[in-house]
């Protein structure tokens, strides 16, 4: 059910033309996606609260026929120390396409929604760039984007619930 909600959110975000200003990767090579929207962030640095999913919606065109895809996230401490960030099952890109499924045809435009859980072991207030990339089954980079982020303390349950009823 959560996956369906994420897909709908991804479609709505992309349909409404929301865009997060991302940069080209500097560590990994690869083209920028057609569109990227990180939920709650238009102008980085993007704030990622601990204990929650950061949702990254990516729209791109397959440069060639693709059988399978894998997503990777790499955080950069001190701007140069590359630390792979585990994505778990979310790394299986084909399972999180909103408008298509694998295999992809050359030129096919796809929408992908990555839910990246922000571990509480990452201290709040840490500021660093992260590169997100998607590779095919031959390890060729299909898209790559870089965005600065800041980790934040977990949102309280009151903040997640919204305004109290009857107020």
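Numbering (mature numbering (1 follows the signal peptide of the UniProt record, and there is no 0)), first residue to last: -17 to -1, 1 to 150. Don't be surprised by glycine CBs; every beta carbon is placed ideally from N, CA and C.
Quick one: what's got a C-beta closer than 8 angstroms to residue i's C-beta in the same chain, skipping five residues either side?
i	result
residue 70	54, 55, 56, 97, 99
residue 25	1, 2, 3, 4
Alpha carbons only, please: which of the options is nearest the one belonging to residue i?
i	options	result
residue 94	101, 104, 103, 83	83
residue 131	103, 14, 111, 118	111
residue 122	2, 12, 4, 8	12
residue 124	30, 138, 3, 8	8
residue 65	2, 85, 28, 114	114
residue 104	80, 45, 35, 14	35
residue 101	119, 79, 120, 133	133
residue 109	74, 61, 118	61
Are the CB atoms of residue j and residue i within a distance shorter than 9 angstroms?
i	j	result
residue 10	residue 43	no
residue 27	residue 3	yes
residue 72	residue 78	yes
Leaving aside the five residues before and after residue i along the sequence, list all residues of the same chain whose C-beta is less than 7 angstroms from its C-beta, in chain order.
i	result
residue 16	41, 42, 43, 126, 128
residue 48	86, 87, 88, 89
Measure from the C-beta of residue i to each C-beta in chain D and report whether the shortest distance is under 9 angstroms.
i	result
residue 48	This model lacks chain D altogether; it includes just one protein chain.
What whole-angstrom Cβ distance do residue i and residue j have, given they're in contact under 8 angstroms?
i	j	result
residue 135	residue 30	5 angstroms
residue 45	residue 91	5 angstroms
residue 52	residue 76	4 angstroms
residue 120	residue 6	About 27 angstroms; that fails the 8 angstroms criterion.
With a CB to CB cut of under 6 angstroms and the five nearest residues on each side skipped, what residues in its chain are close to residue i?
i	result
residue 138	32
residue 116	11, 13, 55, 124, 127
residue -16	Residue confidence is low: residue -16 scores 49 on pLDDT, short of 50, so the model does not pin down where it sits. No coordinate-derived value is stated.
residue 67	57
residue 22	38
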